[in-house]
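Chains as they are written, first to last, in our numbering: chain G, 540 to 678; chain R, 263 to 551. Quick reminder that beta carbons are idealized off the backbone N, C-alpha and C, glycines included. Here the structure is a predicted model, which means the values were calculated and not measured. A short write-up of the structure that comes next.
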Amino acid sequence: MAGEMTLQIVTPEGTVVKDVKTDAVIIPASEGSMGILHNHAPMVTALKVGVLRYKQGGHYKRVALAGGFMELSNNLITVLADTAEIGETIDVLRAQEARKRAETRLRDRAANVDRTRAEIALQRAMARLKAAGKLEDKD
Amino acid sequence: MAENKRAVLRKIKGYKSMMQITKAMKMVSASKLRRAQEKVLAARPYARELTKTLARLVKGGAGANHPLLAQRTGTPTVAYVAITADRGLAGGFNVNIIRKTQAAMKADPRPLKLVAIGRKGRDFFRKRGVMPVVEFTGFGEEPSFALVRQMLSQITDLYLKGEIDEVRLIYTEFVNPVTQRPKEMQLLPVVAPEDTGAHDGPDMDYIYVPDAEAVLNTLVPRFVETLFYQAILESKASEHGARMTAMGSATDNAKELIAKYTLAFNRARQAGITREISEIVGGAAALEG
Chain G
540 MAGEMTLQIV TPEGTVVKDV KTDAVIIPAS EGSMGILHNH APMVTALKVG VLRYKQGGHY
600 KRVALAGGFM ELSNNLITVL ADTAEIGETI DVLRAQEARK RAETRLRDRA ANVDRTRAEI
660 ALQRAMARLK AAGKLEDKD
Chain R
263 MAENKRAVLR KIKGYKSMMQ ITKAMKMVSA SKLRRAQEKV LAARPYAREL TKTLARLVKG
323 GAGANHPLLA QRTGTPTVAY VAITADRGLA GGFNVNIIRK TQAAMKADPR PLKLVAIGRK
383 GRDFFRKRGV MPVVEFTGFG EEPSFALVRQ MLSQITDLYL KGEIDEVRLI YTEFVNPVTQ
443 RPKEMQLLPV VAPEDTGAHD GPDMDYIYVP DAEAVLNTLV PRFVETLFYQ AILESKASEH
503 GARMTAMGSA TDNAKELIAK YTLAFNRARQ AGITREISEI VGGAAALEG
């Protein structure tokens, strides 16, 4: 019998997910996706830009995260993210535009383009689109 | 007498329109204050969790060599970061920060640099020939975390390049809407938070993925960002609180002046009427005689 865990997601600008009960959480850890179930050992991990999924009532809800880290102890999962957006609230149009912008910048071979920044921007846009369900999530 | 009466009337009218302005400013500040306070509160859970985790990591002995944590030897160059507002009319808000900064810099024998945040502080120091190495103005009422992060990155850049070796913040702590306290805080090198041991009961063995050092590397910069972000938010809330109080007392003062001059005006009017009556009575008596 799988037990419940409590999930909270906080960002510097506010608490995005507050004390939600969940059966399973999949996080975009720095080393790759990681699933967490009841009674996981205490853990702290860095997060990359990506989508967090948590199971509630038989299906997953998605949250787009822009890096940060996660702490887990006593079935309490605390995600500290730079930004976090719940899938349903994401402005798909804006995310698509951001993606296009980042892609154009990456294609542009001019020396003055900050490639790392453009790449991060692209990752963020992709994460938001995935979280919104507008892009296939292969992880 | 009529001349005098008109002058008093004009004064009353002037004070009334001043009062309208101060009253409006007070109201605007009150609503801005409420929003700023909400932001301060919203930022707290994040800061709390972050501090907890960092304390635990540092206690475990990680990160003595992290560039933002390591204490530098020799004579360090110190950068003072003065956080003021872009606008005045906020009582002692800007002056308090400027004074504290001046006092701190005077008392500090080490080589100094200045970072000015807010137009008021920047202009003050520039006029006195102290050129800030980094300055930010006009970042608006509700600076986002991303924006604050950008501002900070300019300071940490200088720090990592070795041009400055210590960063001290001078900001205003928001106690409550009528009390704000100028405060000094060391931002860099990071003063590792004490592990209070009060959390989670017994100490747990955490797994760090991929390892403690890597987690620390993502954590420390965020800790600095959070400290800085909070200082900015608290200063913003304090600014509005100070302005609200200042405008409140300005409104009260205007009210007092209006009452005083209204009384003076009524006295003058009364005196005028009395004089007219006695003139009429005197005239009538002369006719009868």
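Coil, strand or helix - residue i by DSSP
i                      : result
residue 392 of chain R : coil
residue 449 of chain R : strand
residue 484 of chain R : helix
residue 658 of chain G : helix
residue 482 of chain G : One cannot answer for residue 482 of chain G here, as it falls past the ends of chain G, which runs 540 to 678.
residue 628 of chain G : helix
residue 561 of chain G : strand
residue 508 of chain G : Here chain G has residues from 540 to 678 only, and residue 508 of chain G is not among them.
residue 538 of chain R : helix
residue 572 of chain G : strand
residue 428 of chain R : strand
residue 462 of chain R : Annotation note: pLDDT 49 at residue 462 of chain R (below 50); position unreliable, no value reported.
residue 603 of chain G : strand
residue 553 of chain G : strand
residue 397 of chain R : strand
residue 468 of chain R : coil
residue 385 of chain R : helix
residue 533 of chain R : helix
residue 547 of chain R : helix
residue 293 of chain R : helix
residue 403 of chain R : coil
residue 380 of chain R : coil
residue 578 of chain G : coil
Proximal residues to residue i (C-beta, below 7 Å), its chain only, five neighbours per side dropped
i                      : result
residue 280 of chain R : 516
residue 352 of chain R : 501, 504, 505 and 508
residue 462 of chain R : At residue 462 of chain R, the pLDDT of 49 sits below 50, so the modelled position is not reliable and the matter cannot be decided from this model.
residue 244 of chain R : A question about residue 244 of chain R goes unanswered here, because the residues of chain R that appear run from 263 up to 551.
residue 579 of chain G : 611
Same chain only: Cβ atoms within 8 Å of residue i, ignoring 5 sequence neighbours per side
i                      : result
residue 613 of chain G : 581
residue 527 of chain R : 267, 270, 271 and 274
residue 403 of chain R : 294, 297, 298 and 498
residue 400 of chain R : 348 and 381
residue 523 of chain R : 270, 273, 274 and 277
residue 437 of chain R : 443
Sheet register partners of residue i (DSSP bridge)
i                      : result
residue 436 of chain R : R:442
residue 495 of chain G : Outside the shown range of chain G, which is 540 to 678, sits residue 495 of chain G, and nothing can be said about it.
residue 298 of chain R : Note: residue 298 of chain R sits in no beta bridge, so no partner.
residue 598 of chain G : G:595
residue 567 of chain G : G:572
residue 590 of chain G : G:603
residue 420 of chain R : Looking at the DSSP assignment, residue 420 of chain R forms no beta bridge with any residue, so it has no partner.
residue 546 of chain G : G:559 and G:616
Same chain, Cβ closer than 6 Å to residue i, five either side skipped, listed in chain order
i                      : result
residue 631 of chain G : 671 and 673
residue 477 of chain R : 470
residue 623 of chain G : 548, 550, 555, 602 and 604
residue 548 of chain R : none
residue 358 of chain R : 444
residue 558 of chain G : 545 and 547
residue 447 of chain R : 431
residue 574 of chain G : 565
residue 292 of chain R : 506
Whole-Å CB distance - residue i paired with residue j, under 8 Å assumed
i                      : j                      : result
residue 692 of chain G : residue 606 of chain G : Chain G is shown from 540 up to 678; residue 692 of chain G falls before or after that span and cannot be answered.
residue 309 of chain R : residue 480 of chain R : With a Cβ gap of about 16 Å, residue 309 of chain R and residue 480 of chain R do not count as contacting.
residue 486 of chain R : residue 330 of chain R : 6 Å
residue 482 of chain R : residue 328 of chain R : 6 Å
residue 617 of chain G : residue 311 of chain R : 5 Å
residue 421 of chain R : residue 376 of chain R : That belief does not hold up - the Cβ atoms of residue 421 of chain R and residue 376 of chain R are roughly 15 Å apart, past 8 Å.
residue 426 of chain R : residue 340 of chain R : 7 Å
residue 664 of chain G : residue 634 of chain G : 5 Å
residue 407 of chain R : residue 552 of chain G : 5 Å
residue 288 of chain R : residue 510 of chain R : 5 Å
residue 568 of chain G : residue 545 of chain G : About 19 Å; that fails the 8 Å criterion.
residue 405 of chain R : residue 494 of chain R : 6 Å
residue 322 of chain R : residue 474 of chain R : 6 Å
residue 619 of chain G : residue 608 of chain G : 6 Å
residue 625 of chain G : residue 667 of chain G : Actually they are not in contact, since the Cβ atoms of residue 625 of chain G and residue 667 of chain G sit about 11 Å apart, beyond 8 Å.
residue 577 of chain R : residue 490 of chain R : With chain R running from 263 to 551 in the structure shown, residue 577 of chain R is simply not present.
residue 513 of chain R : residue 285 of chain R : 5 Å
Contact with chain C by residue i, beta-carbon distance below 8 Å
i                      : result
residue 302 of chain R : Protein chains G and R are contained in the structure displayed, whereas chain C is not.
Can you list the beta strand (DSSP E) stretches of 3 or more residues lying completely in the region 308 to 378 of chain R, in chain order? 340 to 345
Kindly provide the ranges of any alpha helix (DSSP H) runs that are 4 or more residues long and lie completely inside the region 486 to 530 of chain R, ordered along the chain. none
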